[in-house]
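Line by line, the protein sequences are chains S and L.
Counting in this note's numbering, the first sequence runs from 608 upward without gaps.
Counting in this note's numbering, the second sequence runs from 6 upward without gaps.
Quick notes on the structure that follows.
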Amino acid sequence: MAEAARRRRQRAGEGELFDRELEHLPPEARWREWMMRVEAAIFAASEPLSREALARIVGRNCSLDLLIDDIREELRGRPYDLVAVAGGWKHLTRPAYADAIRAAIGGGRGEIDLNQADALALMAIAYFQPITRAELSSFFGREISRDLIADLRGRGLIASGPRAPRPGAPYTYVTTRAFLLQFGLDTLRDLPDFEALEDAGLLSKDRLFAGDMAGPVRETEDQPD
Amino acid sequence: MVPLARILPEPPSVLPPPPDWARPAGSRESLEDATFFAGAALAALHPAARSAHPLAKLWRQRLALACAEACVRLQGRAEDAATLRDHLYLTRPGDDPGPAGRVLQAWRALATTPPFGPPPPPDADWPAALAGLLSLSLDEAMLEAFDAAAALSVGQKNPVDAAAEAAATALRLRPDCRPLALWLADAVLARRLGWPAPVPLLAAHLKREAFRHAIGPQADAAPWRIACAATYGRAAMAAFDLHADLARRAGRLLGVAPRLRGRDAGETVLKLLTEDASPAGPGRAASDRSMRRLFERLVELGAVRELTGRPAFRLYGL
């Protein structure tokens with residue numbers, strides 16, 4: 608057990624002259640310094656920072672989960688938080704300030720402003736991926752245009768998956784890492800359970816496919832970036 | 006043209022069948038019974054698992070497909086084995102096969118590279134790679150489950166028990182991910198039995214009810230060990246039968262191989278022996294059409310099956 612863990616950690620820190628262990632410091636100061644390092648690295652990175660990347664800057668026996676918990680505890684009074692998204696950690700503003708941010712900087716660069724049709728199609732792709740455009744169209748009972756798909760692709764939210772074994776070999780579509788990041792999900796398994804949403808009366812498959820927007824989709828749209 | 010004989014392997018040797026008493030009728034309720042029959046079945050499977058014949062790769066891929074199908078079911082998705090195979094084989098290189106296709110990739114990866122074991126050294130990136138394939142968040146609990154499984158993969162403990170314990174530990178640490186536990190159990194068993202690559206067994210045959218012995222209010226180690234041992238017994242027998250069936254088909258394919266004409270015939274036969282399915286695309290030297298004709302002739306000769314039943318986008322395999 609210890610052997611595999613050691614090897615993993617060794618590999619994570621190979622070939623560096625960076626002092627990860629900080630053995631000259633008393634335990635509390637060391638913990639403090641690790642917290643600072645981790646938060647600084649996450650703050651500076653543009654992409655969510657993965658566990659392997661963070662393991663390189665803290666000591667071998669440091670528990671990253673506890674460290675992150677401590678950092679989050681400190682951020683409790685701040686309008687931003689450290690959130691696990693798309694397989695890593697990232698600073699995100701709290702949802703309550705989404706309006707304020709929008710009012711201040713508007714729909715500026717990089718902001719993904721989905722209209723209702725886009726959001727609906729994206730949600731269907733997320734739940735039923737891999738799915739073709741023809742299948743989406745038959746689900747909704749109306750044509751999902753190539754433009755809409757191209758738009759989602761252009762924003763990097765979906766990518767092509769396996770080709771469907773049907774005439775014309777159409778591409779199916781799958782969601783990407785950027786999709787997870789945009790909606791604040793760590794993995795696809797964090798999507799709200801479809802059946803639970805139906806049971807709670809928040810969502811109805813029939814209404815959804817008739818093109819009627821339901822509550823939860825609007826909520827996810829309000830996720831901060 | 007390279008002579009066929011130089012490319013193609015000998016037909017796989019016929020393995021001694023497991024004794025009749027190793028396939029008991031009725032239920033195996035006690036731990037002793039379940040473990041005894043699991044041991045007998047795994048011993049019968051041993052030569053197949055150790056075999057270096059190219060067919061072993063195809064055999065593991067078929068077992069991986071069955072396990073992936075079961076895991077996809079556990080995740081509440083609707084894909085069946087044929088759909089999973091489509092997802093994998095119809096994905097262009099560089100594209101994403103989708104969440105269900107990635108589960109199949111995880112099992113096929115298990116069946117090629119042992120996660121624990123002496124040479125080659127264990128790949129430290131396994132947890133991260135697996136987290137990506139199974140759509141899991143990589144956390145300390147998952148790393149701990151890997152470490153616990155690595156520790157159980159060496160030692161003197163009964164291998165079936167070690168696998169059951171690895172699965173139970175993983176389920177306790179990450180109750181949200183059953184496929185991970187099943188995956189680790191097969192990896193531990195293979196290492197303990199000295200198999201060169203794991204053989205995916207447990208996931209395809211473990212009954213859904215058995216999970217309540219591992220996690221939840223009724224969790225109890227003894228019934229979980231019985232369930233795992235009984236499952237390994239059943240799964241090993243099924244895997245042996247699959248191997249015997251594939252060996253028979255491989256013998257027939259190699260029998261008709263000298264009668265094949267055309268470019269790439271040798272490579273195609275070799276690929277059919279090692280790969281779960283082959284789409285009829287253009288070969289290295291042969292055209293799309295000539296490959297199609299070759300596959301059709303193989304089907305006519307009864308050496309190869311068309312796996313999908315579709316008129317187009319066909320996949321051929323043993």
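Backbone N, C-alpha and C fix where the C-beta goes; we use that ideal spot for every residue, glycine too.
*Go through its chain and collect everything with a Cβ distance to residue 248 of chain L's Cβ below 6 angstroms, but skip five positions before and after it.*
53 and 64
*Hey, does residue 806 of chain S have any beta-carbon neighbour from chain L nearer than 9 angstroms?*
no
*Tell me whether residue 232 of chain L sits in a helix, a strand or coil according to DSSP, three-state version.*
For residue 232 of chain L, the secondary structure class from DSSP, reduced to helix, strand or coil, is helix.
*What's the call for residue 736 of chain S, buried or exposed, on a 16-neighbour Cβ count within 10 Å?*
buried
_Is it the case that the segment 112-122 of chain L contacts the segment 181-196 of chain L, given that we only count it when at least three CB pairs across the two stretches are under 8 angstroms?_
yes
_Rounded C-alpha distance that separates residue 142 of chain L from residue 104 of chain L_ = 14 angstroms
*Would you list the one or two residues that DSSP bridges to residue 284 of chain L?*
BP columns for residue 284 of chain L point to L:320.
*What do you get for residue 201 of chain L, buried or exposed, if any count of 16 or more other CB atoms within 10 angstroms of its CB means buried?*
exposed
*asked:* If we require 3 or more residues per run, which beta strand (DSSP E) segments fall completely within the segment 613-683 of chain S?
replied: none
*Taking 9 angstroms as the CB-CB cut-off, is residue 269 of chain L touching chain S?*
Output row for residue 269 of chain L: interface = no.
_Same chain, Cβ closer than 8 angstroms to residue 758 of chain S, five either side skipped, listed in chain order_ = 725
*Name the chain S residues whose beta carbon is nearer than 8 angstroms to that of residue 293 of chain L?*
Here the premise fails: no neighbours, minimum Cβ distance about 14 angstroms.
*Of all the CB atoms in chain L, is at least one closer than 9 angstroms to the CB of residue 705 of chain S?*
no
*asked:* Buried or exposed, going by whether 16 or more other CB atoms sit within 10 Å of the CB of residue 704 of chain S?
replied: By the 10 Å Cβ count, residue 704 of chain S comes out exposed.
*Let me know the beta strand (DSSP E) ranges lying completely inside the segment 707-782 of chain S, each 3 residues or longer, listed in chain order.*
Here the runs fully enclosed are 765-770 and 778-782.
*Would you report the Cα separation of residue 732 of chain S and residue 132 of chain L, rounded to the nearest angstrom?*
27 angstroms
*Name the chain S residues whose beta carbon is nearer than 9 angstroms to that of residue 311 of chain L?*
Neighbours of residue 311 of chain L on chain S: none; closest Cβ ~13 angstroms, over 9 angstroms.
_Cβ shell of residue 69 of chain L (< 8 angstroms), same chain only, five flanking positions each side left out_ = 109, 112, 113, 115, 116 and 205
*For residue 696 of chain S, which residues does DSSP report across the bridge?*
S:656 and S:691
*Any C-beta of chain S sitting closer than 9 angstroms to the C-beta of residue 140 of chain L?*
yes
*So which residues of chain L does residue 699 of chain S contact, with C-beta pairs closer than 9 angstroms?*
Ordered by position in chain L, no residue passes the 9 angstroms Cβ test against residue 699 of chain S, which lies about 16 angstroms from the chain.
*Candidates S:646, S:713 and S:720: which alpha carbon is nearest residue 680 of chain S's?*
S:646
_Suppose you measure from the CA of residue 312 of chain L to the CA of residue 765 of chain S; what does that come to, to the nearest Å?_
30 angstroms
_Interface partners of residue 145 of chain L on chain S, CB under 8 angstroms_ = Residues of chain S whose Cβ lies closer than 8 angstroms to the Cβ of residue 145 of chain L are, in chain order, 670, 671 and 672.
*Going by beta carbon distance, what residues of the same chain come within less than 6 angstroms of residue 827 of chain S, once the five residues before and after it are set aside?*
With a pLDDT of 40 at residue 827 of chain S, under the threshold of 50, the modelled position of that residue is not reliable, and the figure given next carries that caveat. Correct list, in chain order: 790.
*asked:* Less than 9 angstroms between CB atoms is the rule here; does residue 622 of chain S satisfy it with respect to chain L?
replied: Any reading at residue 622 of chain S is ruled out, since the residue's pLDDT is 49, under 50, leaving its predicted position unreliable.
*8 angstroms CB neighbourhood of residue 870 of chain S in its chain, flanking five on each side removed*: It is not possible to answer for residue 870 of chain S, since the shown part of chain S is limited to 608 through 832.
*asked:* Counting only beta-carbon separations shorter than 9 angstroms, does residue 95 of chain L have a partner in chain S?
replied: yes
*Leaving out the 5 sequence neighbours to the left and right, which residues in its chain are closer than 6 angstroms to residue 786 of chain S when beta-carbon positions are compared?*
Excluding sequence neighbours, residue 786 of chain S sits near 764.
*Ends of the alpha helix (DSSP H) at residue 295 of chain L?*
293-305
*asked:* Restricting to runs no shorter than 3 residues, where is the beta strand (DSSP E) found entirely within the segment 18-69 of chain L?
replied: none
*Please compile the residues from chain L whose C-beta is within a distance smaller than 8 angstroms of the C-beta of residue 833 of chain S.*
With chain S covering only 608 through 832, there is no way to say anything about residue 833 of chain S.
*Would you report the Cα separation of residue 21 of chain L and residue 28 of chain L, rounded to the nearest angstrom?*
15 angstroms
*Which whole runs of the alpha helix (DSSP H) in the segment 75-126 of chain L are 4 residues long or more, in chain order?*
86-94 and 103-117
*Can you pull the chain L residues whose beta carbon is under 8 angstroms from the beta carbon of residue 845 of chain S, in chain order?*
Outside the shown range of chain S (608 to 832) lies residue 845 of chain S, about which nothing can therefore be said.
*Helix, strand or coil for residue 310 of chain L per DSSP?*
strand
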